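Undergrad:
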Amino acid sequence: MAARPVIGVLCCNEVADRPVQVVASRFVAPLTQLVGATVLLIPALPGANDPAHLTGLLDGLLLTGSRSHVAPVRYGSDRDAAPLDPDRDEVALALAGRMIEAGKPVYGICRGMQELNVLFGGTLADGDDDRHHRGLAAAGSYAGLFAHRHDIDLVPGGRLARSTGVRRLSVNSVHEQGIDRLGTGLSVEAIAAGDGLVEAISARPCGGDVLAVQWHPEWDVAADPASRAFFAMLGSALRGGEPPVISTVHHRRGLA
1 MAARPVIGVL
11 CCNEVADRPV
21 QVVASRFVAP
31 LTQLVGATVL
41 LIPALPGAND
51 PAHLTGLLDG
61 LLLTGSRSHV
71 APVRYGSDRD
81 AAPLDPDRDE
91 VALALAGRMI
101 EAGKPVYGIC
111 RGMQELNVLF
121 GGTLADGDDD
131 RHHRGLAAAG
141 SYAGLFAHRH
151 DIDLVPGGRL
161 ARSTGVRRLS
171 VNSVHEQGID
181 RLGTGLSVEA
191 IAAGDGLVEA
201 ISARPCGGDV
211 LAVQWHPEWD
221 VAADPASRAF
231 FAMLGSALRG
241 GEPPVISTVH
251 HRRGLA
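Have a look at this one:
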């Protein structure tokens with residue numbers, strides 16, 4: 001493996017004055033600055049790249065958050081879940097599947113966690129209250145949107161619990177879909193305090209780490225040790241090392 005591992009970051013399809021491929025800079029900055037990786041942006045365009053070829057080029061993959069939802073048809077439902085990005089669904093599931101089969105690490109944030117749950121045969125449900133999502137109009141700004149927080153409980157002995165050194169965290173919450181039925185072979189790493197919604201999952205089916213969280217660690221990574229722990233774990237996985245231990249006990253957002 002190269003000194004700087006190469007990580008693929010999946011884009012999203014959006015329309016400005018014309019169709020564009022989009023990924024927020026906040027997803028990229030921690031990968032270059034904290035993880036020390038070279039980032040390869042992957043267009044969410046079926047046919048633009050061969051998943052098998054990309055798997056040979058990449059050391060890992062990050063499935064990012066997005067404004068869009070995973071299409072319900074992907075998990076056997078016919079309900080409405082707009083806005084959708086079916087091309088992103090197709091590329092994410094195909095590429096993540098190839099990477100996992102090759103034993104390479106795949107990490108996910110928000111939509112990325114939902115995609116991984118669907119890949120492992122799980123289903124999704126819509127959130128039914130504003131504890132998990134307020135919407136940009138209600139928040140007034142992106143800073144206000146990502147300031148919306150709630151507590152989660154980490155599963156004792158899990159990867160996140162071992163890496164953060166705490167039992168409970170306060171995390172931001174910006175999502176409308178969530179895990180309903182857990183995918184086969186996935187382990188729960190954290191649940192929302194109060195309603196029990198799955199907030200983090202992990203697996204290691206073919207030797208490579210699979211880890212995903214429902215919240216957005218990229219948003220507050222400079223100030224939040226728990227967010228840095230996510231990227232430190234990703235960096236360790238890219239280099240084939242053991243997950244680091246980053247204590248958050250004395251931080252205002254980590255409660256022992």
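Residue numbering for the sequence shown follows the UniProt record's numbering, beginning at 1 and increasing consecutively.
Cβ coordinates follow ideal geometry from the N, Cα and C atoms, glycine included.
All values reported here derive from a predicted model rather than from experimental measurement.
Within its chain, find whatever has a CB closer than 8 Å to the CB of P19; leave out the 5 residues flanking it on each side and keep chain order.
TA: Sequence index remark: in the sequence shown, residue 19 carries index 19 (1-based). Contacts found: N13.
Undergrad: With DSSP as the reference, label A200 as helix, strand or coil.
TA: Residue numbering aside, residue 200 sits at position 200 when the sequence shown is read from its first letter. Of the three classes helix, strand and coil, the one that applies to A200 here is strand, per DSSP.
Undergrad: Pull up the DSSP beta-bridge partners for G178, would you.
TA: To locate residue 178, count along the sequence shown from 1; it is residue 178. According to DSSP, G178 bridges with A125.
Undergrad: Indicate the three-state DSSP secondary structure (helix, strand or coil) for N117 in the structure shown.
TA: Your numbering for residue 117 matches position 117 in the sequence shown. Looking at N117 - three-state DSSP - the assignment turns out to be helix.
Undergrad: Report yes if the CB atom of A200 is closer than 9 Å to the CB atom of A193, and no otherwise.
TA: Here residue 200 is taken as the residue at index 200 of the sequence shown, counted from 1. Here residue 193 is taken as the residue at index 193 of the sequence shown, counted from 1. No.
Undergrad: Count the CB pairs spanning the segment 86-103 and the segment 40-56 that are closer than 8 Å, and state whether there are at least three.
TA: yes
Undergrad: For L182 and Y75, I'd like the C-alpha separation in whole angstroms.
TA: Position 182 of the sequence shown, counted from the start, is the residue given in the question as residue 182. Position 75 of the sequence shown, counted from the start, is the residue given in the question as residue 75. Looking at the backbone, the Cα of L182 and that of Y75 are separated by about 12 Å.
Undergrad: DSSP has V106 in a bridge; who is on the other side?
TA: In the sequence shown, residue 106 corresponds to position 106, counting from 1. V106 pairs with L61 and V210.
Undergrad: Flag this pair as yes or no: are the beta carbons of G108 and L211 separated by less than 9 Å?
TA: Within the sequence shown, the letter at position 108 stands for residue 108. Within the sequence shown, the letter at position 211 stands for residue 211. Contact flag set, yes.
Undergrad: Taking the alpha helix (DSSP H) that A226 falls in, what are its first and last residues?
TA: What you label residue 226 is simply residue 226 of the sequence shown in a count that begins at 1. Its alpha helix (DSSP H) spans residues P225 to L238.
Undergrad: Is there contact here, the segment 103-123 with the segment 212-223, by at least three beta-carbon pairs under 8 Å?
TA: yes
Undergrad: Output needed for D130: all residues of its chain with C-beta closer than 7 Å, excluding positions within five of it in sequence on either side, in chain order.
TA: Here residue 130 is taken as the residue at index 130 of the sequence shown, counted from 1. Reliability fails at D130, whose pLDDT of 48 lies under 50, so the model's placement of it is uncertain and the value that follows must be treated cautiously. Hits under 7 Å: none found.
Undergrad: Please report the distance separating the alpha-carbon of R167 from that of L154.
TA: Taking the first residue of the sequence shown as position 1, residue 167 is located at position 167. Taking the first residue of the sequence shown as position 1, residue 154 is located at position 154. Each residue's Cα considered, the two are about 5 Å apart.
Undergrad: So, do the segment 71-90 and the segment 31-38 have three or more beta carbon pairs nearer to each other than 8 Å?
TA: By the Cβ rule, the segment 71-90 does not count as touching the segment 31-38, because fewer than three pairs are nearer than 8 Å.
Undergrad: Which residue from A232, G240 and H175 puts its Cα closest to that of R204?
TA: Here residue 204 corresponds to residue number 204 of the sequence shown, with the count starting at 1. Closest by alpha carbon: G240.
Undergrad: Can you give the beta carbon distance from V70 to L124, rounded, assuming they're within the 8 Å contact cut?
TA: Here residue 70 refers to the residue found at position 70 of the sequence shown. Here residue 124 refers to the residue found at position 124 of the sequence shown. At roughly 6 Å, the Cβ-Cβ gap stays under 8 Å, so V70 and L124 are in contact.
Undergrad: Can you give me the Cβ contacts of K104 inside the same chain, cut-off strictly under 8 Å, excluding the 5 residues immediately before and after it?
TA: To locate residue 104, count along the sequence shown from 1; it is residue 104. Spatial neighbours of K104 in its own chain (CB-CB distance under 8 Å, excluding positions within 5 residues in sequence) are listed in chain order as T55, L58, D59, G60, L61 and G208.
Undergrad: Looking only at its chain, what residues have a beta carbon closer than 7 Å to the beta carbon of R4, apart from the 5 residues adjacent to it on each side?
TA: Working through the sequence shown from its first residue, we reach residue 4 at position 4. Cβ within range, chain order: G36, A37 and T38.
Undergrad: Shortest alpha-carbon distance to F120 belongs to which of V73, G185, G8 and L63?
TA: Locating residue 120 in the sequence shown gives position 120, where the first residue counts as 1. It is G185 whose Cα lies nearest to the Cα of F120.
Undergrad: Are V9 and F27 touching if we call contact CB-CB under 9 Å?
TA: Stepping through the sequence shown from its first residue, residue 9 is reached at position 9. Stepping through the sequence shown from its first residue, residue 27 is reached at position 27. Cβ distance < 9 Å, so V9 and F27 count as in contact.
Undergrad: Could you please give me the residues that DSSP links to A190 through a beta bridge?
TA: Working through the sequence shown from its first residue, we reach residue 190 at position 190. DSSP output for A190 lists L154 and A200 as bridge partner(s).
Undergrad: Kindly indicate which residue of L238, P156 and A147 has the alpha-carbon position closest to the one of A223.
TA: The residue you call residue 223 lines up with position 223 of the sequence shown. Of the candidates L238, P156 and A147, the one whose C-alpha sits nearest the C-alpha of A223 is A147.
Undergrad: Suppose you measure from the CA of G165 to the CA of I152; what does that come to, to the nearest Å?
TA: In the sequence shown, counting from the first residue as 1, residue 165 sits at position 165. In the sequence shown, counting from the first residue as 1, residue 152 sits at position 152. Their Cα atoms are separated by approximately 14 Å.
Undergrad: Assuming S170 is part of the beta strand (DSSP E), what are its boundary residues?
TA: Looking up residue 170 in the sequence shown gives position 170. First-last of the beta strand (DSSP E) with S170: R168 to N172.
Undergrad: Straight-line CA distance for A29 to D195?
TA: Within the sequence shown, numbered from 1, the residue matching residue 29 stands at position 29. Within the sequence shown, numbered from 1, the residue matching residue 195 stands at position 195. If you take the alpha carbons of A29 and D195, they lie about 33 Å apart.
Undergrad: Going along the chain, which residues of its own chain have a beta-carbon closer than 7 Å to the beta-carbon of M113, five neighbours each way excluded?
TA: By 1-based counting over the sequence shown, the position of residue 113 is 113. Hits under 7 Å: I201, A212, V213 and Q214.
Undergrad: By alpha-carbon positions, which one of C206, P72 and S236 ends up nearest to A102?
TA: Counting from 1 along the sequence shown, the entry for residue 102 is found at position 102. The shortest Cα separation from A102 among C206, P72 and S236 belongs to C206.
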